[in-house]
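Everything in the sequence shown is counted per this note's numbering, starting at 375 for the first residue and increasing by one. Cβ coordinates follow ideal geometry from the N, Cα and C atoms, glycine included. Remarks on the structure that follows.
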Amino acid sequence: MHFPSIVPAAVAGLLFTAAASAQCGEGAQGICYGEEGGEPQGLDLDDLQYVADYLRYIGESQPGALFTMPGGFTCQEWGIEVPGAGTVLPLAKQTGPRVTPSVLYADIADTIDGGADATSEQRAESLIGCAASGGQVGIKTDPKNPYYNTDSYKASGAKPTGLVIKVVRAPESKKL
Numbered sequence: 375m376h377f378p379s380i381v382p383a384a385v386a387g388l389l390f391t392a393a394a395s396a397q398c399g400e401g402a403q404g405i406c407y408g409e410e411g412g413e414p415q416g417l418d419l420d421d422l423q424y425v426a427d428y429l430r431y432i433g434e435s436q437p438g439a440l441f442t443m444p445g446g447f448t449c450q451e452w453g454i455e456v457p458g459a460g461t462v463l464p465l466a467k468q469t470g471p472r473v474t475p476s477v478l479y480a481d482i483a484d485t486i487d488g489g490a491d492a493t494s495e496q497r498a499e500s501l502i503g504c505a506a507s508g509g510q511v512g513i514k515t516d517p518k519n520p521y522y523n524t525d526s527y528k529a530s531g532a533k534p535t536g537l538v539i540k541v542v543r544a545p546e547s548k549k550l
C-alpha cells in the first residue's frame, strides 16, 4: 500500500475543489452596487424595465422556455441576450460548479422587476429596486411550478436554483 502517494492526490483534489468554490464566490443575497459593494452602473430604468418585459415576453410567447447553463468545473457567467437592451447587460452566474441551473425566462424577468403585477414592495425587493445603480440577486423561482415538475425536466438533472442574476452597464453604452 502506498498511502503517502494518495495523500498528495487527496490534498490536490481538495485544493482544486476549494479553488472552484472560491471562483463561485457570490451568494444569493441581494446587492445594490454602490451601496453594498461594487460600482454604481448608471443604468437607464426604462432599459431595465425593457429587459424584464422582453424576458417575460419570451416566457409568455414560448411557454416553458428555459434559460439553461451546463454544470462543469467552474462557475460560469453568461450574458442573457436581449436585443435593444440599451444601457443594460443582464448576466447569469452559477452559484455552484456542479449545478445545472435551468430556469424559466419569466422567473428571470420577475427577479429583475418583481413580477408583471408586482406591488411597490416587490419591486423594491427586486433588482429594479436598486434603480440606476444596478445589482445582483439569486434567482427567485417557484419549485412547485408545473414546468419544473415535468418528467423531462426532472430527467434532465437540472435545478430551478443555482443562479445569480446581475444587471450591469452594457460595455458599448455611454454612462449618463
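- Within the same chain, Cβ atoms closer than 6 Å to the Cβ of A426 are found at A483, I486, D487, the five residues on either side in sequence being excluded.
- Within the same chain, Q397, C398, Q468, P471 come within 6 Å of C449 by CB-CB distance, once the 5 residues on both sides are set aside.
- Shown here, Q403 sits in coil according to DSSP, grouped into three states, outside any helix or strand.
- Our two residues, L422 and D491, have alpha carbons roughly 16 Å apart in a direct line.
- In this structure, DSSP gives I539 an extended state, which the three-state scheme calls strand.
- The residues G404, I405, C406, Y407, L501, V541, in chain order, have a CB closer than 7 Å to that of G509 in the same chain once the five nearest residues on each side in sequence are set aside.
- Under DSSP, G509 forms a beta bridge with C406, V541.
- Following the DSSP letters along the chain, one finds A466 inside the beta strand (DSSP E) bounded by residues 462-468.
- Annotation: the continuous beta strand (DSSP E) that includes G453 extends over 451-453.
- The continuous beta strand (DSSP E) containing S476 extends over residues 476-478.
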